[in-house]
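A.B. asks: Have a look at this one before I ask anything.
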Amino acid sequence: MQTELLGIIATFALTLIIAIPLGGYLAKVFAGKRVWTNFLAPLEHLIYKISGVNPNEQMDWKQHLKAMLTINSLWLIYSFFILMHQDKLPLNPDGNPGMSPHLALNTIISFVVNCNLQHYSGESGLTYSTQQFIVMFLQFVSAATGIAIAISFFKAFKEKTALKLGNFWQHFTLAITRILLPISIVIALVLAFNGVPASYDGKDQITTLQGDSISVSRGPAAAMVAIKHLGTNGGGWFGVNSSHPLENPSYFTNMVQAISQMMIPIAMVIAFGIFIGRKKLAWTIFGVMTIGFLLLLLPTLQSELSGNTKIAQLGIAQPTGAMEGKEVRFGPAATAYWSTITTVISTGSVNGMHDSTMPLTGLYQLLAMMINAFYGGCGVGLLNYFVYLIIAVFIAGLMVGRTPEFLGHKLEAREVKIAALVTLISPLLIMCGTALASYTFVQHGSAAWGTSPSAWLNNPSFHGFSEMLYEVTSANANNGSGFEGLGDNNMFWNVMTSVILLFGRFIPIIGPLAIAGLLAKKKYIPESAGTLKIDTKTFALMTFAIIVVLNALSYFPALALGPIAEYFTMIK
Amino acid sequence: MKKYILPSIKLTAVFTVILCVLYPLFISFAAKLSKGEGSGEKVMLKGKIVGYKQIGQSFTKPQYFWGRPSAVGYNAAGSGGSNKGATNPDYLKEVSNRIDTLLKYHPGLQKKDIPVELVTASGSGLDPNISVAGAQTQAKRIATYRQIPLSKVMKLIEINTEKPLLGLFGPSKINVLALNIELEKFSK
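Quick mapping for you: the protein sequence lines, in order, are chains A and B.
Throughout, the numbering used here is defined as the position within the first sequence, counted from one, plus 212.
Throughout, the numbering used here is defined as the position within the second sequence, counted from one, plus 394.
Here it is, written out as structure tokens:
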């Protein structure tokens, strides 16, 4: 028990020890300063040369978005067809079939937007070639997209006024060659030498000790598991993700994977402060995020370690906590910790089944995804936080009767409107999606387009509602975890979540970058005694309050119907 | 837009080669030096492969230590948890049945002494481990069916206990397959 708690404390401490210096490194790389990885520069020049890119060509915020949308659309289009016809391609030792059009649509959107909602099971739904050429490729490039846009955003605030925000292609390339690829190589090697398979062998047939004949799925998973976490993607090689004993064989690999998914989101915040020369602001943001994270983690631990009241009523003691859907080698504490980190940042990988976690744990998982800015996803977490920041500056400005300013730029109607729109789109998508699902389930629960090949709910009552709410929330947050009891491989869920995924990804990227681009163009107003200081404790508290109030107002009714109602059923 | 299409295509092609061919091949070749040569570590008994070290197996006969309930019957072609919610009545009934089965095979066992992992399904359905208490609970049954002294069985459990990482982090546990293999070796 104590070793379980020590384990998560060590994991978090190690995360910070790695992430903070990484933030410094990131800032230097993108500022073009001397770093030890500069020996890679010739490789990058080769990449630019082959691709016909001039890395010194400066782009404004609109050009960044155009470049980003063009390359993302390209990935969407060709990958869609490859997934449908994957059975005809090589590297398919298990003879897995092609995807149905709606499943291919959902899968491809989900990976392009860095969500990794998986309506298939890796062992039977993909081939080794699509796992590597589509899924793993997109895990790298969708994370690089997030980082690249975040860097453009940094550049908007580096100088007093900025019309140009750097070159998108260069940000994108550096994100891969200097950050994602080198760190992935290290992680993949560590995993491969600790039991995660890496060869191209197909399924193995064996006879067990007792004499049963079974198959064991394998494949080159180590390379993918590394980037799946580093890029906060979360899509697993095997169906059950990192609870699979080959994907996550030991407590050690579990720590490695937990650390690797959290390091870039934290590093981005630190990098932001260094890059724009406002370290205090970065530490204030980091402080708010960490307090938010701990306020979700501690009650989650409490909820899981107390165990299931209904099982206690059957006479079973649960000294270490609830065990349904969890693995013995991690224990309830490490699984509770993982469930928090994977939902606050948008990884969505799991090392235990979220569907079987305690009702209140489900509540915290949902809240973490609804807020989606306590560290947040690779690059985009900070953009989400920035939107809250804009709203906070605006409201604080109204409260003290001043024109609100952000880092020396006047915040006007246009920017605030964009921020408000971005904030409102999440509750709109989540509430409408859940409502539509609930309606469809009740009215057309047996229609073929809604139930084939898999039927919906695995649990009755409030928990069934939570399964639908979770799926929609996860899609909107580009998280990718699920209450996997929900049968989501059918036309209804594949198509609906596809739409939510697209909006949930691109609006929170376009909005903040547009605000940053518009602000950067404005005249710089030097700080004076009358300036609202945004790096103080008071303002941090203000931002935190805004985050809590906005989310509570938006989501409380739905949460009350799902996890909260279930909690009261459990303790009855 | 046209200005962005060509760089998009070319960058995608270049990175496909680097990320999808060179990177995984490098990892795959390097992993040939690892214990399972990158294909998963296998365990042998009398020169025969009897399983993978990390993958749990189904043990139903009373002379073996049992693992945890599994939603996929320990067939590692796939994987999966039960995904049952905490208050699902069908699920609670199932747990109740598992408790009854355990009580039947272990006369004198108190409900409160049943380790919870023996009556709940794992996340992967392939969990190779149980807790130390989970093995100790079954020791008497093993001793009876195998006709070996209880103290020997307890000793085997002790030897096969895997300590927390560095003695500090995470739970202690038993690999059920490893323990059963030791049991087989000891009994013959």
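For each residue, glycine too, the CB sits at the ideal point set by N, CA and C.
Since we're looking at a predicted model, the values are computed, not measured.
1. Could you check which residue in A/499, A/343, A/702, A/406 has the C-alpha nearest to that of residue 418 of chain B?
2. Got a sec, what are the start and stop residues for the alpha helix (DSSP H) residue 294 of chain A sits in?
3. Under 8 Å between the Cβ atoms of residue 455 of chain B and residue 422 of chain A?
4. In three-state DSSP terms, what is residue 574 of chain A?
5. Is residue 738 of chain A close to chain B, meaning its C-beta is less than 8 Å from at least one C-beta of that chain?
6. Quick check on the DSSP output: the alpha helix (DSSP H) that includes residue 785 of chain A runs from which residue to which?
7. Does DSSP put residue 249 of chain A in a helix, in a strand, or in coil?
8. Quick check on DSSP: helix, strand or coil for residue 747 of chain A?
9. Going by C-alpha to C-alpha distance, which of A/411, A/441, A/219 sits closest to residue 563 of chain B?
10. Restricting to Cα atoms, I'd like to know which of A/317, A/318, A/415, A/377 is closest to residue 339 of chain A.
11. When the Cα of residue 545 of chain A is compared with those of A/371, A/513, A/682, which residue comes out closest?
12. With distances taken Cα to Cα, identify the nearest neighbour of residue 532 of chain B among B/573, B/557, B/397, B/515.
13. Just verifying my parser: in three-state terms, what is the DSSP assignment at residue 436 of chain A?
14. Hey, out of B/545, B/484, B/560, B/460, whose CA is closest to residue 511 of chain B's CA?
15. By the three-class DSSP mapping on this structure, what secondary structure does residue 431 of chain B have?
16. When you compare only the Cα positions, how much space is there between residue 292 of chain A and residue 710 of chain A?
17. Which of helix, strand or coil does DSSP assign to residue 515 of chain A?
18. If you measure beta-carbon to beta-carbon, which residues of the stretch 514-530 of chain B are closer than 9 Å to chain A?
19. Just to confirm my understanding: we take residue 547 of chain B, look at its own chain, exclude 5 residues before and 5 after, and list those with CB closer than 7 Å. What are they?
20. Please list, in chain order, the chain B residues whose beta carbon lies closer than 9 Å to that of residue 335 of chain A.
21. Restricting to runs no shorter than 4 residues, where is the alpha helix (DSSP H) found entirely within the stretch 522-553 of chain B?
22. According to the neighbour-count rule (16 or more other Cβ atoms, all chains shown, within 10 Å of its Cβ), is residue 521 of chain B buried or exposed?
23. Which one of B/506, B/581, B/516 has the shortest CA to CA distance from residue 528 of chain A?
24. My guess is that residue 686 of chain A and residue 329 of chain A are in contact by the Cβ rule of under 8 Å, so how many angstroms apart are they, rounded?
25. So that I know if they touch, is there some Cβ in chain B lying closer than 8 Å to that of residue 451 of chain A?
26. DSSP beta-bridge partners for residue 584 of chain A?
27. Consult DSSP for residue 453 of chain A and reduce its assignment to one of helix, strand or coil.
28. What does residue 495 of chain B touch in chain A if you count any residue whose Cβ is under 8 Å from its own?
29. Just how far apart, CA to CA, sit residue 625 of chain A and residue 742 of chain A?
30. So, for residue 474 of chain B: in the same chain, excluding its five sequence neighbours on each side, which residues have a beta-carbon less than 8 Å away from its beta-carbon?
31. Who are the Cβ neighbours of residue 508 of chain A in its own chain at under 6 Å, not counting the five residues just before and after it?
32. Look at the alpha carbon of residue 468 of chain B and the alpha carbon of residue 571 of chain B, and state the distance between them as a whole number of angstroms.
33. Taking only the alpha-carbon atoms, compute the straight-line gap between residue 753 of chain A and residue 387 of chain A and give it to the nearest angstrom.
34. Is the beta carbon of residue 477 of chain A less than 8 Å from the beta carbon of residue 590 of chain A?
35. Using the rule of at least 16 other Cβ atoms within 10 Å of the residue's Cβ for burial, across every protein chain shown, is residue 600 of chain A buried or exposed?
36. Any C-beta of chain A sitting closer than 8 Å to the C-beta of residue 459 of chain B?
C.D. replies: So, from the data block:
1. Residue mapping note: residue 418 of chain B aligns to position 24 of the second sequence, counting from 1. Comparing Cα-Cα distances from residue 418 of chain B to each of A/499, A/343, A/702, A/406, the minimum goes to A/343.
2. Working through the first sequence from its first residue, we reach residue 294 of chain A at position 82. From DSSP, the alpha helix (DSSP H) with residue 294 of chain A extends over 273-296.
3. On the second sequence, residue 455 of chain B is found 61 positions in, with the first residue counted as 1. On the first sequence, residue 422 of chain A is found 210 positions in, with the first residue counted as 1. Yes, they are a contact pair.
4. Within the first sequence, numbered from 1, the residue matching residue 574 of chain A stands at position 362. If DSSP states are grouped into helix, strand and coil, residue 574 of chain A belongs with the helices.
5. By 1-based counting over the first sequence, the position of residue 738 of chain A is 526. Closer than 8 Å: no.
6. Lying before the first or after the last residue shown, residue 785 of chain A is absent from chain A, which here runs from 213 to 784.
7. Taking the first residue of the first sequence as 1, we reach residue 249 of chain A at position 37. If DSSP states are grouped into helix, strand and coil, residue 249 of chain A belongs with the helices.
8. Mapped onto the first sequence, residue 747 of chain A falls at position 535. Reduced to three states, the DSSP call for residue 747 of chain A is coil.
9. For the purposes of this step, residue 563 of chain B is taken as the residue at position 169 of the second sequence. It is A/219.
10. As a position in the first sequence, residue 339 of chain A is number 127, starting the count at 1. Of the listed residues, the one whose Cα sits closest to residue 339 of chain A is A/415.
11. Position 333 of the first sequence, counted from the first residue, corresponds to residue 545 of chain A. Answer by Cα proximity: A/513.
12. Within the second sequence, numbered from 1, the residue matching residue 532 of chain B stands at position 138. The option with the nearest alpha carbon to residue 532 of chain B is B/573.
13. Here residue 436 of chain A is taken as the residue at index 224 of the first sequence, counted from 1. Three-state DSSP puts residue 436 of chain A in a helix.
14. The residue you call residue 511 of chain B lines up with position 117 of the second sequence. It is B/460 whose Cα lies nearest to the Cα of residue 511 of chain B.
15. Counting from 1 along the second sequence, the entry for residue 431 of chain B is found at position 37. Of the three classes helix, strand and coil, the one that applies to residue 431 of chain B here is coil, per DSSP.
16. Here residue 292 of chain A is taken as the residue at index 80 of the first sequence, counted from 1. Here residue 710 of chain A is taken as the residue at index 498 of the first sequence, counted from 1. If you take the alpha carbons of residue 292 of chain A and residue 710 of chain A, they lie about 13 Å apart.
17. For the purposes of this step, residue 515 of chain A is identified with residue 303 of the first sequence, where counting begins at 1. Three-state DSSP puts residue 515 of chain A in a helix.
18. Of all residues in the stretch 514-530 of chain B, 514, 515, 516, 517, 518, 519, 520, 521, 522, 523, 524, 525, 527, 528 have a Cβ within less than 9 Å of some Cβ in chain A.
19. On the second sequence, position 153 is the one that residue 547 of chain B refers to. 533, 536, 537, listed in sequence order.
20. Translated into positions along the first sequence, residue 335 of chain A becomes position 123. Ordered by position in chain B, the residues that pass the 9 Å Cβ test against residue 335 of chain A are 470, 471, 472, 473.
21. Unbroken alpha helix (DSSP H) stretches of 4 residues or longer found wholly inside the stretch 522-553 of chain B: 526-540, 544-553, given in chain order.
22. Counting from 1 along the second sequence, the entry for residue 521 of chain B is found at position 127. Under this definition residue 521 of chain B is a buried residue.
23. In the first sequence, the residue the question calls residue 528 of chain A occupies position 316. Residue B/506 is the option with its Cα nearest to residue 528 of chain A.
24. The residue you call residue 686 of chain A lines up with position 474 of the first sequence. The residue you call residue 329 of chain A lines up with position 117 of the first sequence. Sure, about 6 Å apart at Cβ, within 8 Å.
25. Translated into positions along the first sequence, residue 451 of chain A becomes position 239. For residue 451 of chain A, the answer is yes, since a Cβ of chain B falls inside 8 Å of its Cβ.
26. Indexing the first sequence from 1 puts residue 584 of chain A at position 372. Answer is none; residue 584 of chain A lacks a bridge partner.
27. Translated into the one-based positions of the first sequence, residue 453 of chain A becomes position 241. In this structure, residue 453 of chain A counts as helix in the three-state DSSP scheme.
28. To locate residue 495 of chain B, count along the second sequence from 1; it is residue 101. None at all; the shortest Cβ gap to chain A is about 13 Å.
29. Position 413 of the first sequence holds residue 625 of chain A. Position 530 of the first sequence holds residue 742 of chain A. Cα to Cα, residue 625 of chain A sits roughly 20 Å from residue 742 of chain A.
30. By 1-based counting over the second sequence, the position of residue 474 of chain B is 80. 465, 466, 518, 519, listed in sequence order.
31. Here the question's residue 508 of chain A lines up with position 296 in the first sequence. Result list for residue 508 of chain A: 552, 576, 580, in chain order.
32. The count along the second sequence starts at 1 and reaches residue 468 of chain B at position 74. The count along the second sequence starts at 1 and reaches residue 571 of chain B at position 177. Approximately 12 Å, taken between the alpha carbons.
33. One-based indexing of the first sequence puts residue 753 of chain A at position 541. One-based indexing of the first sequence puts residue 387 of chain A at position 175. Each residue's Cα considered, the two are about 33 Å apart.
34. Residue numbering aside, residue 477 of chain A sits at position 265 when the first sequence is read from its first letter. Residue numbering aside, residue 590 of chain A sits at position 378 when the first sequence is read from its first letter. Yes, the pair counts as a contact, with Cβ atoms nearer than the cut-off.
35. Counted from its first residue, the first sequence places residue 600 of chain A at position 388. Residue 600 of chain A is buried by the Cβ-count criterion.
36. As a working note, residue 459 of chain B is residue 65 in the second sequence. No, no contact with chain A.
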